[in-house]
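Reminder that position 573 of the sequence shown reads as 573 in the working numbering, one-by-one numbering, no gaps.
Since the structure comes first, as structure tokens, the remarks are kept for the end.
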Amino acid sequence: MKFLVYCPLNRDNIATSLGTADYSYYFVMQRFLPLLQEFGEVEMLPEPPGEEAADAPQQGLVYLAFTPPDKAVGPRACPVVPVFAWEYSTIPYEAFRNPSDNWVADLRATGRAITHSSYAAAVVREQLGQDYDIACIPAPLWDACGPLRAQRKQAPPRGLQGLELACKVIDSRSYDISNTAVRPKTGSEGEQARLLAQPWDGEPLAYSFARGEPCPTLVGFNDAEPWGVWSRSGYPWLMLDAAISGDVEIEISLRGYAHNIDQPLGIELGDCTAHLLLTDSLATHRLQMHVAVPATFLAFNGVEKRAVGMDDPRDIGFGLASLQIRRLDNPPLLHSSQLLDLAADELVLEGFNPPETAGCWTAASRCTVHLPRAIAGDITLRLELFHLLHNHGREIELWLGGSRRTLTLDKDTAVYELQLPAIGPTRFLRFDGLGHGSSGEETDTREFGLGIARISLAVADAPQQQAAPAATQARAARPPRPARDEILYTTILNPNDGRKNWEDIITAFVYALRHRPGATLLVKIANEDLDMFFEDIFTFYMRLHPFQCRVVFIHGYLTDDQYRQLILHSHYIVNASRGEGQCLPLMEFMSAGVPAIAPRNTAMLDYIDSANAFLVESSPELAYWPHDPRQVLRTYWHRINWQTLYQAFVDSEALFRRSPRGYRRMGEAAITALQRFCSMDVARASFGEFLARLQEKGEG
1 MKFLVYCPLN RDNIATSLGT ADYSYYFVMQ RFLPLLQEFG EVEMLPEPPG EEAADAPQQG
61 LVYLAFTPPD KAVGPRACPV VPVFAWEYST IPYEAFRNPS DNWVADLRAT GRAITHSSYA
121 AAVVREQLGQ DYDIACIPAP LWDACGPLRA QRKQAPPRGL QGLELACKVI DSRSYDISNT
181 AVRPKTGSEG EQARLLAQPW DGEPLAYSFA RGEPCPTLVG FNDAEPWGVW SRSGYPWLML
241 DAAISGDVEI EISLRGYAHN IDQPLGIELG DCTAHLLLTD SLATHRLQMH VAVPATFLAF
301 NGVEKRAVGM DDPRDIGFGL ASLQIRRLDN PPLLHSSQLL DLAADELVLE GFNPPETAGC
361 WTAASRCTVH LPRAIAGDIT LRLELFHLLH NHGREIELWL GGSRRTLTLD KDTAVYELQL
421 PAIGPTRFLR FDGLGHGSSG EETDTREFGL GIARISLAVA DAPQQQAAPA ATQARAARPP
481 RPARDEILYT TILNPNDGRK NWEDIITAFV YALRHRPGAT LLVKIANEDL DMFFEDIFTF
541 YMRLHPFQCR VVFIHGYLTD DQYRQLILHS HYIVNASRGE GQCLPLMEFM SAGVPAIAPR
601 NTAMLDYIDS ANAFLVESSP ELAYWPHDPR QVLRTYWHRI NWQTLYQAFV DSEALFRRSP
661 RGYRRMGEAA ITALQRFCSM DVARASFGEF LARLQEKGEG
């Protein structure tokens, strides 16, 4: 026998199609291929064959379309078998856009079909007659989970400890959360939580923020414009594609707006904060830094005032046009002292008169010295003056990067020293509040303020960069949290899928385990676009604050090995759906011995029970077919009971902590139930009977 097999998605496009319509059919097809290969030859089709693909009937040829019935058009010369999932109480029986929308007519035309649950099979028979040839064959995945079952038996799940997944991560432990704002934590304490982020391979990262250009996820910015994007005031930041660490150079093009022009802007990357000055037009800055702890965020601070009286009504702080991050071949010379002779050295100065023999006179109330190279560390600033003129007794401010000091000038003092500890990388020294006026000579119309001869920036001996930060060392000294205190709940869903109830899962988890710091909910987002969910995710964090438990969202395609690791590390798999066609993730986790939190409705009636899951109650609720643009109520799905979901989290956590034997029994019950439901033996028998019926009719 020969099988022609078609699925709209394939290995080349599945990674970029997560969350799209019918994307799960690819994973179902992959699970069916070993079964089909037992019964005959399999030919994968890149395109649907069409009605004229085979002109004459061919004995032993069957076309299997892993698509909804309305897309299962195949050759007339052989049996056409739609292989589809369904979770509503009726299948579409009206042509609301075109004739193929009527699934009753579509299935009647094919004369046969395969679905994955007894619930869906019963729905089809109810509308097409009890004699309609509909086979219930779940994706046969139980046998492939054998190695996972063996590994979980040898080593209990460890939660997030040691779990490494190459994906984007949004982790509640990585943020300072209040009821009104969410901002990334800076430094090693914030980065401690980022266990899952993809490490940087050292290839340069380059982003343009112009409208239409691909760029990283931005938070706290206005909509992009042709040149770039304006920040909103407060604490804007962006998420990088990898966890950056080591010696790096940042090249960033930005500008200030209104009163933020000529103000310091902090650039935070992990445990390092560098500072630059905003200008009134786009300027490119290069900053070198050593990032000791891997960082997935680049954040900006220092722009907190809203412009008043400007023509543009938007909340604007600064403009960002481009960003590049490169790895340095050699460590940056951040901890090298600098001696600046204002008379002899070629320096970039703003607000100064031209150099003279003694040094340089300031000519404005605000003056800036641009350092020849970046400097960082514990710095002793030594200022040598040759004249005060209009500044005797004046209190001025000195800025070195983001550090500000007040200095009172005295005519009897020519040398001043200031201690500036823990300065982040910067290339500017600024004087604010200087007095200035005429020299008193009629022939010289220049403004004169402070006469500066030399500036010395002496850096204390820097610690070796390879030494871990003190906070990191302190964490390493702490004993790890006992395994019994760590519990990981995993759910895999597309938030845009209205069936999945992700809001209920998140809120029930936090309310149930708010005071359990060892409890983690990991939400794997199965959707191509993460950006559209940022507002929802941060709203969850703010509304549910404060909580000690942990809520982690991950996004990105997981390789088979990474997916297996997720199963091995998980203690429970969570589903709170209004309906499922079969739910591959739930089946895979349970086949590996992971107990569940789930409702008993639709396909889950076949394998969920109180022995292998903490049950979530549900009841019928009116709904419409998901592809009906009219949204006419013609069917129903199942509304879950939130209180029972909350209680399931409470009870499951208590069982895991208090009764290891009871927890193991639930895992064993899950294995047994899924063996009865989706093992290769069960699928082989059902598919063999289905093919036998075809042959009895002289088809296939």
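Every residue, glycine too, gets a C-beta built ideally from N, C-alpha and C.
Fewer than three Cβ pairs drawn from the region 396 to 411 and the region 437 to 447 lie within less than 8 Å of each other, which leaves the two stretches out of contact. In the three-state scheme derived from DSSP, where H, G and I count as helix and E and B as strand, M310 is classed as coil. Looking at the DSSP output, D171 sits in a beta bridge with V552. In this structure S174 is buried. Its beta-carbon is surrounded by 16 or more other beta-carbon atoms within 10 angstroms.
Of all C-beta pairs linking the region 288 to 306 to the region 258 to 272, three or more are shorter than 8 Å, placing the two stretches in contact. Counting only runs of 3+ residues, the beta strand (DSSP E) found wholly inside the region 10 to 82 occupies 41 to 45, 61 to 65, 80 to 82, in chain order. With respect to L694, L488 sits apart: the two C-beta atoms are not nearer than 9 Å.
In the pairwise beta carbon analysis, the region 233 to 250 is classified as touching the region 270 to 288: at least three pairs are separated by under 8 Å. Under the three-state reduction of DSSP output, T491 falls in the strand class.
In this structure, DSSP gives R97 a state outside helix and strand, which the three-state scheme calls coil.
Under a 10 Å Cβ-count criterion, H627 is classified as exposed, with fewer than 16 other Cβ atoms of the shown protein chains found around its own Cβ. Under DSSP, T362 forms a beta bridge with F352. If you draw a 10 Å sphere on the C-beta of Q582, you find 16 or more other C-beta atoms in it, and that means buried. With a threshold of 16 other beta carbon atoms within 10 Å, D311 falls short and is exposed. Secondary structure note for C678: its alpha helix (DSSP H) is the uninterrupted segment 660 to 678. If you draw a straight line from the Cα of H387 to the Cα of G449, it comes to about 9 Å. A685 and D201 have their C-alpha atoms some 48 Å from each other. When rounded, the separation of the alpha-carbon atoms in L429 and T296 is 29 Å. A direct Cα-Cα distance of roughly 41 Å separates D12 from D485.
Per DSSP, reduced to three states, the secondary structure at P184 is strand. Across the structure, A669 and G593 are spaced so that their CA atoms are roughly 8 Å apart.
With a 10 Å radius around the Cβ and a threshold of 16 neighbouring Cβ atoms, L622 comes out exposed.
Cβ contact annotation for T16 (same chain, cutoff 7 Å, sequence separation greater than five): E528, in chain order. Of the residues assessed, V415 falls on the exposed side of the cut-off, its CB having fewer than 16 other CB atoms within 10 angstroms. Shown here for A358: same chain residues with a beta carbon closer than 7 Å to its own, the five before and five after excluded, namely A343, F386, G451, A453 in chain order.
Contact check for A85 against A603 passes: the beta carbons are separated by less than 9 Å. When the five nearest sequence neighbours on each side are left out, the beta carbons in the same chain lying within less than 8 Å of the beta carbon of L605 are those of S117, S118, Y119, in order along the chain. The residues I567, I573, in chain order, have a CB closer than 6 Å to that of F589 in the same chain once the five nearest residues on each side in sequence are set aside. Taken atom to atom, the span from the alpha-carbon of L349 to that of C367 is near 8 Å. Taking the Cα positions, P354 is about 59 Å away from R550. Counted as a single uninterrupted DSSP element, the alpha helix (DSSP H) harbouring W103 occupies residues 103 to 110.
Uninterrupted alpha helix (DSSP H) stretches at least 4 residues long and entirely within the region 393 to 475 do not occur. Annotation: the continuous beta strand (DSSP E) that includes W237 extends over 237 to 256. The region 517 to 524 and the region 487 to 501 touch, with no fewer than 3 CB-CB distances between them shorter than 8 Å. For K524, there is no enclosing alpha helix (DSSP H); the residue is found in the beta strand (DSSP E) stretching over 519 to 525. By the neighbour-count criterion, in which a residue is buried when 16 or more other Cβ atoms sit within 10 angstroms of its Cβ, E696 is exposed.
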